[in-house]
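A short write-up of the structure that comes next.
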Amino acid sequence: MSQGKSGALGWVLTGKDGKQFCKSKVSLAVVDKKTLVSILGSGRMVKVDRATFEASLGGPDPSLPLLSDLKAGRVGPQHVGSCTPLRG
2 MSQGKSGALG WVLTGKDGKQ FCKSKVSLAV VDKKTLVSIL GSGRMVKVDR ATFEASLGGP
62 DPSLPLLSDL KAGRVGPQHV GSCTPLRG
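Residue numbers are given in this note's numbering: position 68 of the sequence shown equals residue 69, and the series is strictly consecutive.
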């Protein structure tokens, strides 16, 4: 996971057509059993109490990715947004 020029979080992908920066579509990620992080458009991460969040939803959300997986680049296609070519 890296930050683009705009500050948005995403991933740099390398392929036969060169490098591309793909934005993240993730707004919430699981840190541990007690903590979630909210990922803002600016790239800033804000801690959220998981118990409070899940109580407001009525239960846990199994679709939330682990923050450690996002940082390691293990993401599903549903978490990747638009991609733009990198120059240079």
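Ideal placement from N, C-alpha and C gives every residue a C-beta, glycine not left out.
For the alpha helix (DSSP H) that Leu71 lies in, which residues bound it at each end? DSSP places Leu71 in the uninterrupted alpha helix (DSSP H) bounded by 68-73.
Same chain, Cβ closer than 7 Å to Val27, five either side skipped, listed in chain order: If we look at Val27 and ignore the five residues flanking it on each side, its Cβ neighbours are Ile40, Pro66, Leu71, His80.
Limits of the unbroken beta strand (DSSP E) element including Ser25: Counting along the chain, the beta strand (DSSP E) containing Ser25 begins and ends at 19-25.
State yes or no: is the C-beta of Gly5 within less than 8 Å of the C-beta of Gly11? By the CB criterion at 8 Å, Gly5 and Gly11 fall inside the cutoff.
Whole angstroms are fine: how far does the CA of Cys84 sit from the CA of Gln21? About 6 Å.
Span of the alpha helix (DSSP H) around Ser57: Unbroken alpha helix (DSSP H) run through Ser57: 51-58.
Pull up the DSSP beta-bridge partners for Pro86, would you. Its beta-bridge partners are Gln21.
For the candidate residues Gly74, Gly77, Ser43, Gly60, whose alpha-carbon lies nearest to that of Arg106? Because the chain spans 2 through 89 in this model, residue 106 falls outside it and cannot be assessed.
Straight-line CA distance for Glu55 to Lys17? Answer to the nearest angstrom: the Cα atoms are 42 Å apart.
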